[in-house]
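S.K.:
See below:
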């Protein structure tokens with residue numbers, strides 16, 4: 032799976048593109064953010080991501096519609112804009128955490144320094 036920071040960056044690129052804010056939000060979330068699991072994220076952004084996910088799955092879909100499309104369809108343009116702003120804020124925080132090297136992903140400290148077996152050269 033792609034790094035969450037890169038997925039948020041791709042989502043922001045979609046949000047900054049052409050089209051109505053609701054269409055851009057649906058596309059950005061479905062194509063880039065929906066597959067991210069909370070445990071892939073630093074602890075500092077998990078709650079904000081959970082809140083965003085809840086907003087994107089708030090409404091039951093009509094026949095042939097995704098839950099994300101249904102939820103965004105029911106949002107006002109201002110609400111959709113607020114969700115887009117949340118995506119930008121999450122990206123900002125993820126970038127800050129990455130730069131600080133302070134990402135706490137719920138692992139033990141010794142696991143973070145362990146070299147994965149596939150990177151060890153065998154003779």
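Residue numbers (my numbering): 32 to 154. Where is the CB? At the ideal position from N, CA and C, for every residue including glycine. Since the structure is predicted, the reported quantities are computational estimates derived from the model, not experimental observations.
#1: Just checking my contact of residue 89 with residue 97 at CB under 8 Å: how many whole Å lie between their CB atoms?
#2: Residues in the same chain with beta-carbon distance under 7 Å from residue 34, minus the five sequence neighbours each way, listed in chain order, please.
#3: Going by CA-CA distance only, name the one from 125, 46, 117 that's closest to residue 85.
#4: Please name the residue in 42, 123, 94 whose C-alpha comes closest to that of residue 57.
#5: Once the 5 residues before and after residue 106 are set aside, which same chain residues still bring their CB inside 6 Å of it?
#6: Whole angstroms are fine: how far does the CA of residue 64 sit from the CA of residue 32?
M.R.: Taking the geometry as given:
#1: Rounded, the Cβ-Cβ distance is 13 Å, inconsistent with contact.
#2: Nothing meets the Cβ criterion.
#3: 117
#4: 42
#5: none
#6: Legend: pLDDT at residue 32 = 46, less than 50; position of this residue unreliable, value from coordinates given subsequently. The alpha-carbon atoms of residue 32 and residue 64 are separated by roughly 12 Å.
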